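Student: Numbering (the numbering used here), first residue to last: 288 to 405.
#1: Does the Cβ of residue 288 have 16 or more other Cβ atoms within 10 Å, making it buried, or fewer, making it exposed?
#2: At the level of alpha carbons, what is the spacing between residue 307 and residue 392?
#3: Can you tell me the Cα-Cα spacing of residue 399 and residue 303, whole angstroms?
#4: Counting only the same chain and skipping the five closest in sequence on each side, list residues whose C-beta sits under 6 angstroms from that of residue 330.
#5: Which ranges does the alpha helix (DSSP H) cover as unbroken runs of at least 4 residues, wholly within the region 331-378, from first to last along the chain?
#6: I'd like the span of the alpha helix (DSSP H) that includes residue 319, first residue to last.
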């Protein structure tokens with residue numbers, strides 16, 4: 288039952304503001320859980336991409352995240368990143384989500400990059 292509840296896109300998880308993430312982004316690992324198209328259209332430079340639908344332990348381990356370094360999960364509006372944050376926390380990572388998601392990041396006109404869809 289816990290596994291099902293963990294994936295519900297509501298509830299409280301630790302959050303970081305867009306301004307704080309901008310200041311700390313060299314000190315954290317960013318995991319963007321949006322779709323490939325969303326990620327390629329606009330993402331935070333240096334973010335790793337792992338869609339929520341593919342967030343298995345094996346795929347997370349393939350990212351080679353550093354357990355000693357905080358992780359920030361990102362989605363469009365801070366709903367899909369809730370279960371991603373819970374999953375990473377359960378695996379032992381110190382994880383928070385971007386408060387308000389990419390919508391908050393864009394609203395504050397923070398820097399983004401785009402890439403080709405593969």
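Glycine included, each C-beta is placed from N, C-alpha and C at the ideal position.
Note that this is a predicted model, so its numbers are computed, not measured.
Tutor: Considering the structure as presented:
#1: Bear in mind that the predicted position of residue 288 carries a pLDDT of just 40, short of 50, making it unreliable; the figure below should be weighed with that in mind. Residue 288 should be labelled exposed.
#2: 11 angstroms
#3: 17 angstroms
#4: 319
#5: 344-349, 368-377
#6: From DSSP, residue 319 is part of no alpha helix (DSSP H) but of the beta strand (DSSP E) over 316-319.
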